[in-house]
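Visitor:
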Amino acid sequence: MKRLVALLMSLLLIFSLGVSIQPAHAQDTAPLKLTTTYPGVVVGLNEGVSFDLKVSVSDAPRIVKLEVTQLPEGWTATLRGGGKTIQSVYVEPGKEVSVDLRLDQPKEVQSGTFNVLVTASADGLKAQLPLQVTVKEKQPARLTLSTDLPTIKGGPTSTFSYDVTLKNEGDEDMIVSLSASAPAGFQVTFRLGAQDVTSFPNNARETKRLTVRAEPYVQLEAGTYPLKVTVQSGEVQASLDLNAEVTGQPTLSLTAPDGRLSAQVRSGRETPLKLVVRNTGTAPARGIKLSSSEPNGWKVAFEPESIEELAAGEEVTVTVKVKPADNALAGDYMLTLRAAPTGSSTKSADFRITVLTSTLWGLVGIVLIAVAVGVVLLAVMRFGRR
Amino acid sequence: MALAERVQSRREGSPWTGLWAVVAKEMADHLTSARMRILEFLILLTAGGTVYVAMQQIRSAGISEQFVYLRLFTLAQDPLPALVGFLVFLVPLIAIALGFDAVNGEFNRKTLSRILSQPIYRDALLMGKFLAGLFTLALVFTAIWLLIFGMGMIGLGVAPGSEDVGRLLWFLLATVFYGGIWLALAQMFSVVFRQPATAALASIAVWLFFTVFWEILAGLLAQALHPIQFGLAQEILGQAQLQMTLERFSPNTLYAESMVALLNPTVRSLGLVLPSQLQGAILGTPLPLSQSLLLIWPHLTGLIAVTILIFALSYVLFQRQEIRA
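Going line by line, the protein sequences match chains C and X. In terms of this note's numbering, the first sequence opens at residue 1 and continues consecutively. In terms of this note's numbering, the second sequence opens at residue 1001 and continues consecutively.
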């Protein structure tokens, strides 16, 4: 027992010594060395793989012969260096020479682990490098489109903008193209970063954030509009349903019945003007208040003063009674009329009012001349014919 | 009484018989006289010079506006004032020159009795002389007016608009009656004074008074009648108003203001304008001709009425005058 223990101890000692000395010794003193940084790799089906082999010698320059001594059936191995297919390398001590080993799979390969052995030999020296290639079946190509907010609400002219995430779930890089089907009246654009795109590369396992913008180019009726966004690459495609919910909005317009926003008004006299309030929007306008900003001293009255409700597409004619100030000068003035519905924007129209002054004083002037002529006639009657 | 009745009975028929014969004769005299030639030359020179300068300016500045023909009359370039500036004092001179020896000239040449021995009443003689003067003025101004239009058409290559023509026709009318006042005045002095030189001097004195002194006097009078005691806006306004009213007694002011309103369509008022009256106004827009006319209607009718009244006065003076000498 004691002997056994002593033997074991001595063995352990030798072993540990050997371990502690061996690596340094082997590294420094092995006359021929064949290494690679990554001796085991994983590749996909039908994918080539290449190893970067390094050959070095320690004592004297040698010509090293390289050979792939073990290769799975059907596989082909090629050793390349300096752009040529090679069989041997010339190595000087202290210098490492790189050789590229390329392995190609046969067509009908199964997934599994394959062993390859590369042997380097020179002048009786020999070095071996076992390599391991694991062939793995790849993820099938797949694209997914998703969004957090598939339904967006907006006005009849607002732009609907959706944040969409596109993910390439497969292991293959692909170039995807985008398309959309939208109801009439929408123009759909895709934005990646700050640029409009319709097609872009999406690498394997990559996620891209897209902005889908649906811009209406006509005024839309209230309602829900479905949009379908499709992304396609070869046979792979994914689609996403989005909704644009358009809420109606009243839009007022102010015009005159004949479209002419000008009028002639006598100073100090009330003149009725016609004003047409039209709802060109998509929802009824309620509680329209009519107001005006007029020059100082003018009187502007509306009849009616407010409109309870104006359905979309309807119009109402309002009589505006304009009375310029008594001392208003002749000429053109700006009269701004406004219609303010509750809960929507105010619309205004500028009327150009030409003020005409009274012709009463013109008559006075004529009378003045008549009086002067009368004076002459009187003088003729009294003193005439001499 | 019996004599008066007899005299009254002799006064029958139209007082204006022979009026047109007098007018024709007088116009012929006016148009051939050396005096008229000098005046015509003077006014032609001014019109030609000022309009040429105005045209150069319009062309070089590339002024393309609605009323380019009006600018021909109103554009000035230092040292030459605009044509209208000249007209304010040239028109009275011409009118005075035409009228200052109308009656006393005949009297001094002893031709008055000879004319009145014809079947022509004094009425027709005085009226004929006045109308002949007025027609001569109208003829001269119309000729110049047409000349300027012709120059404008050649120089600018644009046809005048109807608004241009309308405004300038009214301007012509105002000019003729502005001359009419001074003509009637000169004729009145020719009735009053036996010496033509005295009559001419008196007319020139009145002209000088209104051209130079009346404006100063109006300012002084306004200050005296409407003194500013507390510096209130109302007081200042009242004084300015009074001064303006006083100045308008001068035919020069009336004529100048009507020219401004007629030839500058953007003028909206000739009086004082409060800022509140201009609120909301679109400035720089032209008034229609009818509104500009309304603006100067008092001026225009004033000029015409005063012309007629001065004529009436000289008529009364002439009729009451002893002419057998």
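Glycine included, every Cβ here is placed at the ideal spot set by N, Cα and C. These numbers come from a predicted model, not from an experiment.
So is Glu-1322 of chain X buried or exposed if we call it buried at 16+ other beta carbons inside 10 Å?
Guide: Flag for Glu-1322 of chain X reads exposed.
Visitor: Where does Val-218 of chain C land, buried or exposed, given buried means 16+ other C-beta within 10 angstroms?
Guide: Exposed.
Visitor: Would you say Tyr-1052 of chain X faces chain C, with C-beta separation under 8 angstroms as the test?
Guide: It does not: the Cβ of Tyr-1052 of chain X has no partner Cβ on chain C nearer than 8 angstroms.
Visitor: At a Cβ threshold of 8 angstroms, is Phe-383 of chain C touching chain X?
Guide: Chain X contact via Cβ: present.
Visitor: Taking Gln-1223 of chain X as part of the beta strand (DSSP E), name the residues at either end of that continuous run.
Guide: Taken as a continuous stretch (DSSP letters only), Gln-1223 of chain X belongs to no beta strand (DSSP E), being part of the alpha helix (DSSP H) at 1214-1225.
Visitor: Which residue from X:His-1226, X:Ala-1097, X:Phe-1230 puts its Cα closest to that of Ala-1240 of chain X?
Guide: When only C-alpha atoms are compared, the closest one is X:His-1226.
Visitor: Of the residues C:Asp-173, C:Val-64, C:Gly-83, C:Phe-114, which one's Cα is nearest the Cα of Lys-138 of chain C?
Guide: That would be C:Asp-173, whose Cα lies nearest to the Cα of Lys-138 of chain C.
Visitor: Taking the alpha carbon of Thr-247 of chain C as the point to measure from, which residue in C:Leu-356, C:Asp-123, C:Ser-158, C:Val-367 has its own alpha carbon closest?
Guide: Of the candidates C:Leu-356, C:Asp-123, C:Ser-158, C:Val-367, the one whose C-alpha sits nearest the C-alpha of Thr-247 of chain C is C:Ser-158.
Visitor: How is the beta strand (DSSP E) around Val-41 of chain C delimited, first residue to last?
Guide: From DSSP, the beta strand (DSSP E) with Val-41 of chain C extends over 40-44.
Visitor: Alpha helix (DSSP H) containing Ile-1282 of chain X: first to last residue?
Guide: Run containing Ile-1282 of chain X: none; DSSP gives neither H nor E here.
Visitor: From Asn-176 of chain C to Thr-189 of chain C, what does the alpha carbon distance come to, in whole angstroms?
Guide: Before going on, a small fix: residue 176 of chain C reads as Val here, not Asn. Straight-line Cα distance between these residues: approximately 15 angstroms.
Visitor: Compare the C-beta of Asp-332 of chain C with all C-beta atoms of chain X and state if any pair is closer than 8 angstroms.
Guide: Asp-332 of chain C counts as touching chain X.
Visitor: Should Trp-1020 of chain X go down as buried or exposed, given a rule of 16 or more other Cβ atoms within 10 Å for buried?
Guide: Classification of Trp-1020 of chain X: exposed, given that the 10 Å Cβ count is below 16.
Visitor: Ignoring anything shorter than 3 residues, give me the beta strand (DSSP E) runs that lie fully in the region 203-289 of chain C, in order along the chain.
Guide: DSSP runs (the beta strand (DSSP E)) wholly in the region 203-289 of chain C: 207-216, 223-233, 236-246, 252-255, 262-266, 271-279.
Visitor: Can you tell me whether Trp-1214 of chain X is buried or exposed, with buried defined as 16 or more other CB within 10 angstroms of its CB?
Guide: With 16 or more Cβ atoms within 10 Å of its Cβ, Trp-1214 of chain X is classed as buried.
Visitor: Using only the alpha-carbon positions, how far apart do Val-380 of chain C and Arg-1037 of chain X sit?
Guide: Distance between the alpha carbons of Val-380 of chain C and Arg-1037 of chain X is about 35 angstroms.
Visitor: Please classify Val-1267 of chain X: does DSSP put it in a helix, a strand, or coil?
Guide: Here Val-1267 of chain X sits in coil by DSSP.
Visitor: Identify which residue in X:Ala-1132, X:Ala-1028, X:Ala-1200 has its Cα closest to the Cα of Ile-1096 of chain X.
Guide: If we check each option's Cα against that of Ile-1096 of chain X, X:Ala-1200 comes out closest.
Visitor: Do Lys-33 of chain C and Ala-127 of chain C have their C-beta atoms closer together than 8 angstroms?
Guide: Taking 8 angstroms as the Cβ cut-off, Lys-33 of chain C and Ala-127 of chain C qualify as a contacting pair.
Visitor: By the 7 angstroms beta-carbon criterion, what residues does the region 1275-1290 of chain X contribute toward chain C?
Guide: Cβ contacts with chain C: Ser-1276, Gln-1277, Gln-1279, Gly-1280, Ala-1281, Ile-1282, Thr-1285, Leu-1287.
Visitor: Are three or more beta carbon pairs between the region 1165-1182 of chain X and the region 1085-1101 of chain X nearer than 8 angstroms?
Guide: At 8 angstroms Cβ cutoff, the stretches touch.
Visitor: Under 8 angstroms between the Cβ atoms of Pro-156 of chain C and Pro-216 of chain C?
Guide: In contact: Pro-156 of chain C and Pro-216 of chain C (Cβ atoms closer than 8 angstroms).
Visitor: Could you check where the beta strand (DSSP E) with Lys-136 of chain C kicks off and where it finishes?
Guide: It spans 125-136 - the beta strand (DSSP E) in which Lys-136 of chain C sits, taken as one unbroken run.
Visitor: Tell me which same chain residues have a C-beta within less than 6 angstroms of the C-beta of Ala-1054 of chain X, skipping the five on either side of it?
Guide: So the list reads Leu-1072, Leu-1075, once near-sequence residues are dropped.
Visitor: According to DSSP, what are the bridge partners of Leu-1262 of chain X?
Guide: Answer is none; Leu-1262 of chain X lacks a bridge partner.
Visitor: When the distance is taken between beta carbons, is Leu-1156 of chain X closer than 8 angstroms to Val-1068 of chain X?
Guide: The answer is yes: Cβ separation under 8 angstroms.
Visitor: Looking at chain C, is there any beta carbon in it that lies within less than 8 angstroms of the beta carbon of Leu-1019 of chain X?
Guide: It does not: the Cβ of Leu-1019 of chain X has no partner Cβ on chain C nearer than 8 angstroms.
Visitor: Taking C-beta to C-beta, are Leu-356 of chain C and Ser-267 of chain C nearer than 8 angstroms?
Guide: Yes, the pair counts as a contact, with Cβ atoms nearer than the cut-off.
Visitor: Could you check whether the Cβ of Pro-1015 of chain X sits closer than 8 angstroms to any Cβ belonging to chain C?
Guide: Cβ-Cβ to chain C under 8 angstroms: yes for Pro-1015 of chain X.
Visitor: Determine which residues share a DSSP beta bridge with Ile-98 of chain C and list them.
Guide: The displayed chain sequence assigns Ser, not Ile, to residue 98 of chain C. DSSP, once it has assigned bridges, lists C:Lys-54 as partnering Ser-98 of chain C.
Visitor: Please classify Gly-1013 of chain X: does DSSP put it in a helix, a strand, or coil?
Guide: Reduced to three states, the DSSP call for Gly-1013 of chain X is coil.
Visitor: In whole angstroms, give me the CA-to-CA distance for Arg-80 of chain C and Arg-102 of chain C.
Guide: Rounded to the nearest angstrom, the two C-alpha atoms are 8 angstroms apart.
Visitor: In its own chain, which residues sit with a C-beta less than 6 angstroms from the C-beta of Lys-136 of chain C, not counting the 5 before and 5 after it?
Guide: Excluding positions up to five away in sequence, the list reads Val-42, Ser-111.
Visitor: Beta carbons nearer than 9 angstroms to chain X: which residues of the region 283-303 of chain C have them?
Guide: Going along the region 283-303 of chain C in chain order, one finds Ser-293, Glu-294, Pro-295, Asn-296, Gly-297, Trp-298 with a Cβ nearer than 9 angstroms to chain X.
Visitor: Our contact map puts Ala-1294 of chain X next to Thr-359 of chain C with C-beta atoms below 8 angstroms; I'd like the distance itself, whole angstroms only.
Guide: The residue asked about is misnamed: residue 1294 of chain X is Leu in this sequence, not Ala. Right, their Cβ atoms sit about 6 angstroms apart.
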